[in-house]
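Undergrad:
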Ligand SMILES: [Zn+2]
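Numbering (the working numbering), first residue to last: 40 to 615.
(1) Take residue 383 as the anchor and find which of 569, 222, 278, 501 has the nearest alpha-carbon.
(2) Along the alpha helix (DSSP H) that carries residue 440, what are the first and last residues, could you check?
(3) Once the 5 residues before and after residue 61 are set aside, which same chain residues still bring their CB inside 6 angstroms of it?
(4) Can you list, in chain order, the residues of its chain with a C-beta nearer than 6 angstroms to that of residue 306? Leave out the 5 residues immediately preceding and following it.
(5) Would a C-beta distance cut-off of 8 angstroms place residue 518 and residue 597 closer than the cut-off?
(6) At 3 residues or longer, what runs of the beta strand (DSSP E) sit wholly inside the segment 228-310?
(7) Can you give the beta carbon distance from residue 194 to residue 84, rounded, assuming they're within the 8 angstroms contact cut?
(8) Look up residue 103 in the DSSP assignment and give the residues it is bridged to.
(9) Can you look up residue 408 in the DSSP assignment and give me helix, strand or coil?
(10) Closer than 7 angstroms to a non-hydrogen atom of ligand 1 - does that hold for the CB of residue 367?
(11) Which partner residues does residue 78 have in the DSSP bridge list?
(12) Can you list, in chain order, the residues of its chain whose CB lies under 7 angstroms from that of residue 461, leaving out five sequence neighbours each side?
(13) Under 8 angstroms by Cβ, that's how I've got residue 131 and residue 143 pegged, so tell me the actual separation to the nearest angstrom.
(14) So, does the segment 570-589 touch the segment 336-354, judging by three or more C-beta pairs under 8 angstroms?
(15) My guess is that residue 2 and residue 332 are in contact by the Cβ rule of under 8 angstroms, so how many angstroms apart are they, rounded?
(16) Does residue 50 come out as helix, strand or coil in the three-state DSSP assignment?
(17) The alpha helix (DSSP H) that contains residue 388, what's its start and end?
(18) Could you check whether the segment 463-479 touches the segment 370-380, counting it as contact only if at least three pairs of C-beta atoms, one from each stretch, sit closer than 8 angstroms?
(19) Which residue's Cα is closest to the Cα of residue 472: 224, 525, 359, 94?
(20) Tell me which residue opens and which closes the beta strand (DSSP E) that residue 181 is part of.
(21) Using a Cβ distance threshold of 8 angstroms, determine whether the segment 229-239 contacts the segment 252-269, with at least three qualifying pairs required.
(22) Hey, is residue 432 close to ligand 1, as in C-beta under 7 angstroms from one of its heavy atoms?
(23) Mapping DSSP to helix, strand and coil, what is residue 83?
(24) Give me the Cα-Cα distance between residue 408 and residue 486, rounded to the nearest whole angstrom.
(25) Under a CB-based cut-off of 8 angstroms, is residue 607 close to chain C?
(26) Give the straight-line distance between the Cα atoms of residue 509 and residue 266, rounded to the nearest whole angstrom.
(27) Helix, strand or coil for residue 43 per DSSP?
(28) Quick check: what's the CA-CA separation for residue 584 versus residue 554?
(29) Say the cut is 7 angstroms; is the CB of residue 343 nearer than that to a heavy atom of ligand 1?
(30) What did DSSP end up calling residue 529 once you bin it into helix, strand or coil?
(31) Taking residue 480 as the reference, which of 497, 450, 502 has the closest Cα?
(32) Look at the alpha carbon of residue 395 and the alpha carbon of residue 230, and state the distance between them as a whole number of angstroms.
(33) Does the count of Cβ pairs from the segment 560-571 and the segment 541-549 closer than 8 angstroms reach three?
(34) Could you give the C-beta distance for residue 76 and residue 133, rounded to a whole number, given that I count them as a contact under 8 angstroms?
(35) Could you tell me the alpha carbon to alpha carbon distance between residue 534 and residue 478, rounded to whole angstroms?
(36) How many whole angstroms separate the CB atoms of residue 558 and residue 536, which I take to be in contact at a CB cut-off of 8 angstroms?
What follows is the structure, given as structure tokens:
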């Protein structure tokens, strides 16, 4: 999954691509106080600037995906040009209602000419001692003698959308010997042409950094400061093998990928945030006493995230309704299929992964909504993200089955998708219209009808028996989707936890839970979701009265399918 802010960066970059880049030098100097990094000295020089008085000059994002940034004001900045100090005028945009993203902007009170230099102390997010909270990976943190984080948290940037030739260098003289400085686009002294927005979305890590491979590689690296609770040497070579396979397949073997890991994430969580060329994720350390890492699950997660480097979102993803069905559908479909083709997964592991995505579709009570309604409901928390993944994945499987059927087995979704992705890697057009043209070439008018049916919703997708080829057959299944029966947020967090928005016909209501009851016991959501037969016992308080209620937090039933191995067909005939 990509975050919204990294997604927005893509469209701005493509719009600005026609202009010659300006030079922007960024020198970063992390400094220590005792054993922790206290701040990063930032010195940004933008060459040959010519900006009129009161024209947009500098900006800083104030909030990224709900996370406050370092939020400097003008008094924290030293700004000069060829004429000396530059007096600044500061304005802060009003908070947007969702508190997802807004900016502080600076203009100069006189024309700015020559080299513009901006200096300040980049300050890490203040965290309670010993705590490593999860959440969107938007902040910059001091961690174990070093730092890591997203540029937009601590950088003040040019207030424009044009491409700059950005050179990042590190002054590590304030750090212990052996320190390394790494950016999304390289280790040490690195240069990349990017818009300021893309620079804000890139990742930085410095200090006693460890890596796979041990020495920096031009195209694939994994970096961390704190040793994860799991064995990197077991997982990293598999991900590297997959990444290089993707590169050969999509004819782009020079695109670089840097995976950064930071301490935290609670119970072995895999949360992360992607930006072009890198990915920053949480990983628990051994001293957090996490449960044992599910290594196949971690490999599947990383295979998905590094796959996103190749089929990015459509260039016009933000025009009209969202097209996550493409970017996420491609990633869920192919990260699993290609791992099987490469021999990294068994046939059983392959089926288990795809079955999980199909179950996300069949077992969701909102499965008949239009795709637009699904995506507009998911960021407010009304509709789970799982349905967006599940329905997009189901659509990709259906397209593949129809293309195979129409071509009598000679063509597949590969023949529709791979040429589009390769064209995009070469810098050619890559839009929803290009997808629809390819769909038309493969399936004719039936293809467009299938797409419109998928968008509109109203009925279940017509999934054929041979959806996954001859090795698997369809069986009817009754799904019992997870249904807590009330809003999870107010019942699981806050000083006083309460039942809100109780669903009338839910098992919770039938068992005796009442709107407004105070929740005394804890609710282990993850365990309840994972085990379809688990019961939940709630200790409640109603006024002064203690109440105990036990029920199975499942709704439905919902009819659907799953696919099982057909033992009479040998694996060599699977055609996957
Ligand atoms: Zn994804």
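C-beta atoms are modelled at their ideal positions from N, C-alpha and C, and glycine is treated no differently.
TA: Let me spell this out:
(1) Here the question's residue 383 lines up with position 344 in the chain shown. Out of 569, 222, 278, 501, 278 has the C-alpha closest to the C-alpha of residue 383.
(2) On the chain shown, residue 440 is found 401 positions in, with the first residue counted as 1. Segment 424-445, the alpha helix (DSSP H) holding residue 440.
(3) Locating residue 61 in the chain shown gives position 22, where the first residue counts as 1. The answer, listed in chain order, is 203.
(4) Sequence index remark: in the chain shown, residue 306 carries index 267 (1-based). Only weak support is given to the placement of residue 306: the predicted model assigns it a pLDDT of 47, under 50, and the question is left unresolved by the model.
(5) Counted from its first residue, the chain shown places residue 518 at position 479. Counted from its first residue, the chain shown places residue 597 at position 558. For residue 518 and residue 597, yes; Cβs fall inside 8 angstroms.
(6) Here the runs fully enclosed are 229-233, 242-246, 249-251, 259-263, 296-302.
(7) Stepping through the chain shown from its first residue, residue 194 is reached at position 155. Stepping through the chain shown from its first residue, residue 84 is reached at position 45. No, residue 194 and residue 84 are not in contact; Cβ-Cβ is about 13 angstroms, not under 8 angstroms.
(8) Within the chain shown, numbered from 1, the residue matching residue 103 stands at position 64. Answer is 106, 140.
(9) In the chain shown, counting from the first residue as 1, residue 408 sits at position 369. Reduced to three states, the DSSP call for residue 408 is coil.
(10) One-based indexing of the chain shown puts residue 367 at position 328. Answer for residue 367: yes, Cβ within range of ligand 1.
(11) Against the chain shown, residue 78 aligns to sequence position 39. The partner list for residue 78 (beta bridge, DSSP) reads 70.
(12) The sequence position of residue 461 within the chain shown is 422, counting from 1. Excluding positions up to five away in sequence, the list reads 289, 290.
(13) As a working mapping, residue 131 is identified with position 92 in the chain shown. As a working mapping, residue 143 is identified with position 104 in the chain shown. The pair is a contact, with the Cβ atoms about 5 angstroms apart (cut-off 8 angstroms).
(14) Taking a contact to require three or more Cβ pairs closer than 8 angstroms, the segment 570-589 and the segment 336-354 do not qualify as touching.
(15) Only positions 40 to 615 of the chain appear in the structure, and residue 2 is not among them; the question remains open.
(16) Counting from one through the chain shown, the residue named residue 50 turns up at place 11. Residue confidence is low: residue 50 scores 39 on pLDDT, short of 50, so the model does not pin down where it sits. No coordinate-derived value is stated.
(17) Within the chain shown, numbered from 1, the residue matching residue 388 stands at position 349. Per DSSP, residue 388 belongs to the alpha helix (DSSP H) from 386-401.
(18) Taking one beta carbon from each stretch, the segment 463-479 and the segment 370-380 have fewer than 3 pairs nearer than 8 angstroms; the two do not touch.
(19) On the chain shown, position 433 is the one that residue 472 refers to. The residue with the shortest Cα to Cα distance from residue 472 is 359.
(20) In the chain shown, residue 181 corresponds to position 142, counting from 1. Taken as a continuous stretch (DSSP letters only), the beta strand (DSSP E) holding residue 181 covers 179-182.
(21) no
(22) Walking along the chain shown from the start, residue 432 turns up at place 393. Checking every heavy atom of ligand 1 against the Cβ of residue 432, none is found closer than 7 angstroms.
(23) For the purposes of this step, residue 83 is identified with residue 44 of the chain shown, where counting begins at 1. In the structure shown, residue 83 sits in a strand (DSSP, three-state: E or B).
(24) Residue 408 sits at position 369 when you count from the first residue of the chain shown. Residue 486 sits at position 447 when you count from the first residue of the chain shown. Each residue's Cα considered, the two are about 20 angstroms apart.
(25) The structure shown contains no chain C; it holds only a single protein chain.
(26) Reading the chain shown from its first residue, position 470 is the one you call residue 509. Reading the chain shown from its first residue, position 227 is the one you call residue 266. Each residue's Cα considered, the two are about 44 angstroms apart.
(27) As a first step, residue 43 is located in the chain shown; it is residue number 4 there, counting from the start. Residue placement at residue 43 is flagged as unreliable, the pLDDT there being 38, under the threshold of 50; the coordinate-derived value follows with that caveat. In this structure, residue 43 counts as helix in the three-state DSSP scheme.
(28) Walking along the chain shown from the start, residue 584 turns up at place 545. Walking along the chain shown from the start, residue 554 turns up at place 515. Between the alpha carbons of residue 584 and residue 554 lies a distance of about 15 angstroms.
(29) In the chain shown, counting from the first residue as 1, residue 343 sits at position 304. Checking every heavy atom of ligand 1 against the Cβ of residue 343, one is found closer than 7 angstroms.
(30) The residue labelled residue 529 in the question sits at position 490 within the chain shown. Three-state result, residue 529: helix.
(31) The residue you call residue 480 lines up with position 441 of the chain shown. Nearest to residue 480 by C-alpha distance, out of 497, 450, 502, is 450.
(32) What you label residue 395 is simply residue 356 of the chain shown in a count that begins at 1. What you label residue 230 is simply residue 191 of the chain shown in a count that begins at 1. If you take the alpha carbons of residue 395 and residue 230, they lie about 41 angstroms apart.
(33) The segment 560-571 vs the segment 541-549: no contact.
(34) As a position in the chain shown, residue 76 is number 37, starting the count at 1. As a position in the chain shown, residue 133 is number 94, starting the count at 1. Incorrect: roughly 33 angstroms between the Cβ atoms, too far for contact.
(35) The residue labelled residue 534 in the question sits at position 495 within the chain shown. The residue labelled residue 478 in the question sits at position 439 within the chain shown. The straight-line gap from Cα to Cα measures roughly 53 angstroms.
(36) In the chain shown, the residue the question calls residue 558 occupies position 519. In the chain shown, the residue the question calls residue 536 occupies position 497. 4 angstroms between Cβ atoms; contact.
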